[in-house]
Amino acid sequence: MRPLSRRSLLAATTTAAALSAGPPATAAGATTPETATRRFRTGFDRLAADHYALLEGARVGIVTNPTGITRDARHIVDVMHADDRVDLVAVFGPEHGFRGTAQAGGSEGRYDDPATGLPVYDTYLKSGQPLADVFTASGVDTVVFDIQDAGARFYTYIWTLYDCMEAARLAGKRFVVLDRPNPVTGRGAYGPVLHKEFATFVGREPIAQAHGMTVAELARLFNAEFLTAPVPLDTVLMSGWRRSDFYDASGLPWVPPSPNMPTPDTALVYAGTCLFEGTNLSEGRGTTRPFELIGAEGIDRRWAAEAGQIGLPGVRFREAYFAPTFSKFQGRTVGGVQLHVHDRAAYDPVRTGIALLVTAKQVWDGFAWRPDNWIDKLTGSTLVRTMIDAGATPDEVVAGWRDELAAFRRVRKEYLLYR
């Protein structure tokens, strides 16, 4: 990991919107869904409760997708469009699209939204000046971001956030982030840190594989540490969210942020098992439990048994057989494992993913990395691939990123907004 240069910009870019959102929840004791539901509000909830004062007089465009909803499951674009206090003039869709019709690696293109008549612009795979030109052409002066993240570095919405912040800066626009929960908590950061030479759309900057931050916290970090220069940034915080809260504590309905993230359980394992996208094994796409089911032709019960002997905390492995309806091994029966997380607080998704890679290679002689070494893009360096190929144990692989993770945790701490 390259050293992160701390810029003295935080005071200048922490605006009244972040402060007006009020203090984060600090109550002691365990959070239950019932008690959290009574007091939890998203950034959008707080913006609306303040009569959209932050957006007064602005021509607004919003970067969002199907996850931008209220507690009663209305989409915030529909809500804002119907409110005369907001001049909403454009919508910007990320990967999978604004209304969510596209599969992985796709988007919806440019169209007019049938429900509101608003123009919808495609941001997917656009960055820098081309994306800035989209913002300019839309006629907005304020860009709002409200998308549910999944908590992993390679989940692309946080890099849509990053690219849109940089493009807004280039186009001379103000940027507003409406915060939502990290569904797998914000307790800590885990896993390897991206090396800049491996930067792609599944990781632009050196953050940990499981970053343990909300999108508002990431926006503040991006603005002060990574952007070429800071964008005028407002962040509207949640109330009632604590770093130890899983998604169900919010009381919000879960809307799949992408087609293969159907439940919060998927997000819980994703930061580890998505690494199998860098192998010739199925990561469960084309099943009803993507990223919880992993397998390939030729794997049998030995894998679950071998993985179970490691004694990983919070998770059990079941011998499983499945036939994906699309993606790898489409229509063919494969063998493998299903992950069953029984203690969310103890579970470490990244260490678990590494242990599964190590044991899969041990028990199945057909194991192979993707020829393009996509695993290096996912993990952020060659470390994981080369250590596993050299016969390292899961704990030895994890120890290989200890120093760079400690450095990231020190930087991360400066941008946390909740207790």
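Mapping to this note's numbering: the sequence shown position 217 is 333, numbers consecutive. Yeah, the Cβ is synthetic: ideal placement off N, Cα and C, and Gly gets one too. Computed from a predicted structure; not experimentally measured.
Open item on the list: On the CB-based measure, 16 or more other CB atoms within 10 Å of its CB, does Thr502 come out buried or exposed?
Closed with: By the neighbour-count definition (other C-beta atoms within 10 Å, threshold 16), Thr502 is an exposed residue.
Task: Strand pairing of Thr258, partner residues [DSSP] - done: Beta bridge pairing from DSSP links Thr258 with Val176 and Arg290.
- [ ] Tell me whether Gly138 sits in a helix, a strand or coil according to DSSP, three-state version.
- [x] For Gly138, the pLDDT reaches just 41, beneath the cut-off of 50, and the residue's location in the model is therefore unreliable, although a value from the coordinates is still provided. Shown here, Gly138 sits in coil according to DSSP, grouped into three states, outside any helix or strand.
Open item on the list: Here's the rule I'm using: 16 or more other beta-carbon atoms within 10 Å means buried, otherwise exposed. How should Thr344 be labelled?
Closed with: So Thr344 counts as exposed.
TODO: Could you name the residues of the same chain whose beta carbon sits closer than 7 angstroms to that of Ala174, not counting the 5 residues immediately before and after it, in chain order?
DONE: Within the same chain, Ala174 has close Cβ partners Asp203, Asp257 and Thr258.
Task: Burial state of Glu282, where buried means 16 or more other Cβ atoms lie within 10 Å - done: When all chains shown are included, Glu282 counts as buried.
TODO: Could you name the residues of the same chain whose beta carbon sits closer than 6 angstroms to that of Thr330, not counting the 5 residues immediately before and after it, in chain order?
DONE: Correct list, in chain order: Asp295 and Asn298.
Open item on the list: Going by DSSP in three states, Glu422 sits in which element: helix, strand or coil?
Closed with: Reduced to three states, the DSSP call for Glu422 is helix.
Task: Simplified DSSP state of Ser366, which is helix, strand or coil - done: In this structure, Ser366 counts as helix in the three-state DSSP scheme.
Open item on the list: Check for me: the alpha helix (DSSP H) holding Asp505 runs from which residue to which?
Closed with: Where Asp505 is concerned, the enclosing alpha helix (DSSP H) stretches over Leu499 to Asp505.
Task: For Glu435: DSSP bridge partner residues - done: Glu435 is bridged to Val453.
TODO: Determine, using beta-carbon pairs with one atom in the region 488–503 and one in the region 283–293, whether at least three such pairs fall under 8 angstroms.
DONE: Segments in contact, no.
Task: Collapsed DSSP secondary structure at Gly209 in the structure displayed - done: If DSSP states are grouped into helix, strand and coil, Gly209 belongs with the strands.
Open item on the list: What does the alpha-carbon distance come out to for the pair Leu310 and Trp490?
Closed with: Whole-angstrom Cα-Cα distance: 13 angstroms.
TODO: Assign Pro373 to one of two classes, buried (16 or more other C-beta atoms within 10 Å of its C-beta) or exposed (fewer than that).
DONE: Label assigned to Pro373: buried.
- [ ] Specify the secondary structure class of Asp228 as computed by DSSP and reduced to three states.
- [x] DSSP, reduced to helix, strand and coil, places Asp228 within a strand of the structure shown.
- [ ] Going by CA-CA distance only, name the one from Glu520, Arg535 and Asp492 that's closest to Thr316.
- [x] If we check each option's Cα against that of Thr316, Asp492 comes out closest.
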